[in-house]
C-alpha cells in the first residue's frame, strides 16, 4: 500500500501527481516532476496552491483570511483551523504525519502515549495541537546557527 493510499480519507482515492512531458503537456504518474513556481511560457511544472485553513467550508460573505488561495507561500499551520490540500476539486484535511513532515519532524513524532492509552491510540487532535504549538525544526536550526555565529567566543 502506498503512502498516498494510506493518507486518502474515506475512500476518496489517491492524491494526483503529474509529470511534465513537454511544454504544456502533463501526464498523471506515480512520481511528479519537480515543482516550479510558475506555469507560463517556459517548460515548468504545475503550480502547487496552499489554501488558508480558515477559509475552508466558508461562504465568501463569512470572511476568512483572504478567500481563495495564496499563490506564493503556504499559510501558517495553526491548532484551530482545518488545513487542507487541493485534490481533484475536493479539499481534504492534512494528516498528522503530513503536518509533522511540514514542520521537519520524523513521522509519528507526536504519536505518544496519552491518558493511559498506548501511542497507537493517541488522538489526532492532540497531535495537531502539539504540531501547531511547535516551531519548524529546520527554521529553528537555521536561527540557532546564526545566533552562534554572532557570539564573540564562536567567531574564530
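In full-length UniProt numbering, the protein residues as written are 1 to 156. Even glycine gets a Cβ: it sits at the ideal position worked out from N, Cα and C.
Exercise for review: Would you decide whether residue 110 is buried or exposed? Buried here means 16 or more other CB atoms lie within 10 Å of its CB.
Suggested key: buried
Practice item. Reducing DSSP to helix, strand and coil, say where residue 98 ends up. Key: helix
Practice item. Return helix, strand or coil for residue 151, following the three-state DSSP convention. Key: coil
Point to revise | Buried versus exposed, by CB contacts within 10 Å (16 or more), residue 166 | key: Residue 166 is absent from the structure shown; the chain starts at 1 and stops at 156.
Check your understanding: What are the partner residues of residue 22, as DSSP defines its beta bridges?
Key -> 25
Exercise for review: Could you name the residues that DSSP lists as bridge partners for residue 117?
Suggested key: 114
Check your understanding: Mind checking residue 27: buried by the 16 CB within 10 Å criterion, or exposed?
Key -> exposed
Point to revise | Contact the region 126-144 vs the region 99-116: 3+ CB pairs below 8 angstroms | key: yes
Practice item. Note the first and the last residue of the continuous alpha helix (DSSP H) segment covering residue 132. Key: For residue 132, the enclosing alpha helix (DSSP H) begins and ends at 124-132.
**Study point:** Best match in 92, 116, 133 for proximity to residue 103 [C-alpha to C-alpha]
**Key:** 133
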